[in-house]
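Data block below; observations after.
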Amino acid sequence: QKEVEQDPGPLSVPEGAIVSLNCTYSNSAFQYFMWYRQYSRKGPELLMYTYSSGNKEDGRFTAQVDKSSKYISLFIRDSQPSDSATYLCASILQGAQKLVFGQGTRLTINP
Amino acid sequence: GAGVSQSPRYKVAKRGQDVALRCDPISGHVSLFWYQQALGQGPEFLTYFQNEAQLDKSGLPSDRFFAERPEGSVSTLKIQRTQQEDSAVYLCASRDRPMNTEAFFGQGTRLTVV
Chain A
5 QKEVEQDPGP
15 LSVPEGAIVS
25 LNCTYSNSAF
35 QYFMWYRQYS
45 RKGPELLMYT
55 YSSGNKEDGR
65 FTAQVDKSSK
75 YISLFIRDSQ
85 PSDSATYLCA
95 SILQGAQKLV
105 FGQGTRLTIN
115 P
Chain B
63 GAGVSQSPRY
73 KVAKRGQDVA
83 LRCDPISGHV
93 SLFWYQQALG
103 QGPEFLTYFQ
113 NEAQLDKSGL
123 PSDRFFAERP
133 EGSVSTLKIQ
143 RTQQEDSAVY
153 LCASRDRPMN
163 TEAFFGQGTR
173 LTVV
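Residue numbers (the numbering used here), protein chains in the order written: chain A, 5 to 115; chain B, 63 to 176.
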């Protein structure tokens with residue numbers, strides 16, 4: 005079992021829809037939680053990160069972490085075709101260096 | 063401001079051939095990482111450098127894989143006697159300091175072993 009699990013999709017929604025992307029993790033020692041966006045044939049780019057539990061909002065994007073259920077979520081409001089990409093959740097242990105990634109969810113926003 | 067640069071972008075190797083992949087991190091970045099991303103999968107950690115010191119190589123899949131960063135800037139990932147299962151995208155990432163959470167990734171080198 006992978007330490008961070010993510011449904012690979014693919015997920016296809018119409019433009020303007022609210023998108024919900026989710027991950028679960030098994031290691032309760034994870035402290036930092038990230039969402040990366042990866043366009044085709046590009047490297048991942050950091051969208052948002054949160055420390056421990058709670059919500060964080062940045063424009064159309066909201067990240068949520070629920071440590072009690074080991075659940076990580078990313079919500080995209082008013083989705084745009086330019087949001088079409090693979091979304092990767094990732095976690096880091098406190099004091100550690102390496103990112104532990106989920107499998108990635110491929111998202112398509114249809115105009 | 064240049065980002066993380068990787069070369070070559072694409073590499074085709076015959077099985078058994080040795081390859082070397084290069085990473086130029088963002089100038090001044092202390093931390094450097096190598097990840098391997100198989101098709102349809104998330105990146106998997108290979109190794110981590112802090113300056114020239116390789117502090118974690120727990121993700122290297124076999125002794126055919128070797129990484130170095132001799133002067134604390136440019137890094138090279140070498141794969142000896144390549145095998146088909148080595149086919150993947152190899153990503154390099156850098157951070158300005160160890161405790162910063164944001165890592166910047168390069169575009170990767172796509173290695174195909176035939």
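The beta-carbon is built from N, C-alpha and C at its ideal position, and this holds for glycine as well. Predicted, not measured: the structure shown is a model, and the values here were computed from it.
Query - Test: P48/A CB closer than 8 Å to a CB of chain B - result: Yes - at least one Cβ of chain B is within 8 Å of the one on P48/A.
Requested in this report: Answer with yes or no whether the minimum CB distance from L153/B to chain A is below 8 Å.
Outcome: L153/B has a beta carbon lying within less than 8 Å of a beta carbon in chain A.
Requested in this report: Inspect the beta-carbon positions of R41/A and Y91/A and report whether they are closer than 8 Å.
Outcome: Their beta carbons are under 8 Å apart, which means R41/A touches Y91/A by this criterion.
Query raised in the report: Quick one: which chain A residues come within Cβ less than 9 Å of P160/B?
Result: Counting only Cβ-Cβ distances below 9 Å, P160/B has contacts in chain A at Q101, in chain order.
Report task. Please check if any C-beta of chain A sits within less than 8 Å of the C-beta of E164/B. Result -> Yes, because at least one Cβ of chain A sits closer than 8 Å to the Cβ of E164/B.
Query raised in the report: Using a beta-carbon distance cut-off of less than 9 Å, what residues from the region 79-93 of chain B approach chain A?
Result: If the cut-off is 9 Å between Cβ atoms, the region 79-93 of chain B has S93 near chain A.
Query raised in the report: Near S57/A, what residues of its chain come up, given a Cβ to Cβ distance below 7 Å and the 5 sequence neighbours on each side ignored?
Result: Excluding positions up to five away in sequence, the list reads V69, D70 and K71.
Query raised in the report: Should Q107/A go down as buried or exposed, given a rule of 16 or more other Cβ atoms within 10 Å for buried?
Result: Around the beta carbon of Q107/A, 16 or more other beta carbons lie within 10 angstroms, which makes this residue buried.
Report task. Return the residue from the list S95/A, N59/A and Q10/A that minimises the CA-CA distance to E164/B. Result -> Shortest Cα-Cα distance from E164/B to any of S95/A, N59/A and Q10/A involves S95/A.
Requested in this report: Using beta-carbon positions only, say whether S86/A and V23/A come within less than 8 Å of one another.
Outcome: No.
Query raised in the report: Can you tell me whether DSSP reads D118/B as helix, strand or coil?
Result: Assignment of D118/B by DSSP, reduced to helix, strand and coil, places it in the strand class.
Query raised in the report: Which term fits K102/A, buried or exposed, when burial requires 16 or more other beta carbons within 10 angstroms of its beta carbon?
Result: Buried is the call here.
**Report entry** Bounding residues of the beta strand (DSSP E) (the contiguous stretch that carries S77/A)
**Finding:** Y75 to I80 is the span of the beta strand (DSSP E), which, as asked, contains S77/A.
Requested in this report: Alpha carbon to alpha carbon, how far is R126/B from G47/A? Give it in angstroms, no decimals.
Outcome: Spanning the alpha carbons of G47/A and R126/B requires a straight line of approximately 25 Å.
Requested in this report: Decide if the region 137-150 of chain B is in contact with the region 11-31 of chain A; the criterion is three or more beta carbon pairs, one per stretch, under 8 Å apart.
Outcome: Using a Cβ-Cβ distance cut-off of 8 Å, the region 137-150 of chain B and the region 11-31 of chain A are not in contact, since fewer than three pairs of beta carbons, one from each stretch, lie closer than that value.
Query raised in the report: Does G102/B get closer than 8 Å to chain A when you measure Cβ to Cβ?
Result: Interface flag for G102/B against chain A is set, since a Cβ pair is found closer than 8 Å.
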